[in-house]
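Before any comments, here is the structure.
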Amino acid sequence: MALDVKFGVSTWLWTSPFNSETIALFPKIKEYGYDAVEIPVEDPDLINIPVVADALASNGLAPIICGAFGPTRDLTNEDPKFHQTCFDYLDRCFDIAAQLGAGFVAGPMYSAVGKARLVSPEQKKVEWNLAVTNLRKVCERARVQGLDIAIETLNRFETDLINTAGELKQLITDINEPEAKALLDGFHMNIEEPSIEEAIKTVGDKLIHVQVSENYRGTPGTGQTNWAAWKRGLEAVNYKGTISIESFTPEVKELAGAVCIWKPLVPSQDGFAKEGYEFLKSWAAE
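What follows is the structure in structure tokens.
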């Protein structure tokens, strides 16, 4: 059965950080067939909302707003000043999303990316409770703008808090706010999940966004990903959202270092986007 989904791609595939010049990618993204573009908000000051809105409209692309959570944007830090920094940042993201017409802000917003340590069960409980308490506050802030949050699980090398769909579902359950939803990323799932199909079923109707690449972060369809399991899982939960390609280029040194991409994954980033879309379109239609 064909999936009733749309397709997107992150501008991180080509460049970082997103700014007014990044909209030059939009015609190419539309030409390749995409319905949506993921806009990573690393620095809200770099985003001219009217300019981006015009470019989205001119190219017939829907926006997906993704957050970036470095060391200063850490809701599990025991110092409340880090929480406030993250709240202020997310308020800016919510404002951008609302003005551009996006329905949610996505990302691993429970903790700083790269905070991966072996901690005691007692410390883990402290940080879990901080994430729950602070994400409830984030949901309240999102509600004001009529938005949801799409919380992303990451692999064990990037966080020690939320690695699996089961942990993500428990976090969402503990938050217990209607705005708290789920994002699943196939790269992380290929590392952490025994079954992609069961992971998707675990989050169920909380799933509002999907990101994919291959198991090695390369072009969809060229690696070891179990795409049949992906399809069974998405069909089971009646997913009708966007499936976005998220990967990176070694040409952006800071970002490449953060995600440990030391060499090109493909001959060209344009080819990655074009061939990835063609694979996903064919796969979803089968």
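The C-terminal residue of the sequence shown carries number 294 in our numbering, and the numbering is unbroken.
Cβ coordinates follow ideal geometry from the N, Cα and C atoms, glycine included.
Beta-carbon proximity list for residue i, same chain, < 8 Å, skipping 5 on both sides
{"i": "G226", "result": "S255, L273, V274 and F280"}
{"i": "Q107", "result": "I57 and A61"}
{"i": "L83", "result": "F90, H91, C94, M117, Y118, S119, L138, A139, N142, L143 and V146"}
{"i": "I216", "result": "G111, F112, D156, A158, K189, A190, L191 and G249"}
Terminal residues of the alpha helix (DSSP H) in which residue i lies
{"i": "A105", "result": "P88 to L108"}
{"i": "V140", "result": "P129 to V152"}
{"i": "P71", "result": "P71 -> not in any alpha helix (DSSP H); beta strand (DSSP E) instead, spanning A70 to G75."}
{"i": "G115", "result": "Looking at the DSSP string, G115 is not in any alpha helix (DSSP H); the run it does join, the beta strand (DSSP E), is F112 to G115."}
{"i": "S66", "result": "I57 to N67"}
{"i": "V211", "result": "I204 to V211"}
{"i": "V267", "result": "K261 to V267"}
{"i": "R240", "result": "W235 to A244"}
{"i": "Y40", "result": "F34 to Y40"}
C-beta contact flag for residue i and residue j at 9 Å
{"i": "I159", "j": "A110", "result": "no"}
{"i": "N85", "j": "L138", "result": "yes"}
{"i": "D156", "j": "F95", "result": "no"}
{"i": "S18", "j": "P48", "result": "yes"}
{"i": "K14", "j": "A105", "result": "no"}
{"i": "I55", "j": "F26", "result": "yes"}
{"i": "T250", "j": "G16", "result": "yes"}
{"i": "E259", "j": "G41", "result": "no"}
{"i": "I253", "j": "S221", "result": "yes"}
{"i": "T257", "j": "W20", "result": "yes"}
{"i": "V134", "j": "T167", "result": "no"}
{"i": "K214", "j": "L169", "result": "no"}
{"i": "K38", "j": "D278", "result": "no"}
For residue i, three-class secondary structure by DSSP
{"i": "I170", "result": "coil"}
{"i": "V274", "result": "coil"}
{"i": "S252", "result": "strand"}
{"i": "S18", "result": "strand"}
Status (buried if at least 16 other CB within 10 Å, exposed otherwise) for residue i
{"i": "R81", "result": "buried"}
{"i": "L98", "result": "buried"}
{"i": "N246", "result": "exposed"}
{"i": "E46", "result": "buried"}
{"i": "T181", "result": "exposed"}
{"i": "D51", "result": "exposed"}
{"i": "P228", "result": "buried"}
{"i": "A188", "result": "buried"}
{"i": "F165", "result": "exposed"}
{"i": "S24", "result": "buried"}
{"i": "C101", "result": "buried"}
{"i": "G241", "result": "buried"}
Residue interval of the beta strand (DSSP E) (run including residue i)
{"i": "V220", "result": "L215 to V220"}
{"i": "L191", "result": "A188 to D193"}
{"i": "V49", "result": "A44 to V49"}
{"i": "E160", "result": "D156 to E160"}
Proximal residues to residue i (C-beta, below 7 Å), its chain only, five neighbours per side dropped
{"i": "M197", "result": "I204 and A207"}
{"i": "E201", "result": "T172, A173 and A207"}
{"i": "A293", "result": "A10"}
{"i": "V211", "result": "A173, L176, K177, A190 and L192"}
Cβ of residue i within 9 Å of any chain D Cβ
{"i": "A236", "result": "In summary, chain D is missing from the structure at hand, where a single protein chain is found."}
Close-in-space but distant-in-sequence residues of the same chain around residue i (CB under 6 Å, 5 per side omitted)
{"i": "W235", "result": "W291"}
{"i": "V218", "result": "L192 and I251"}
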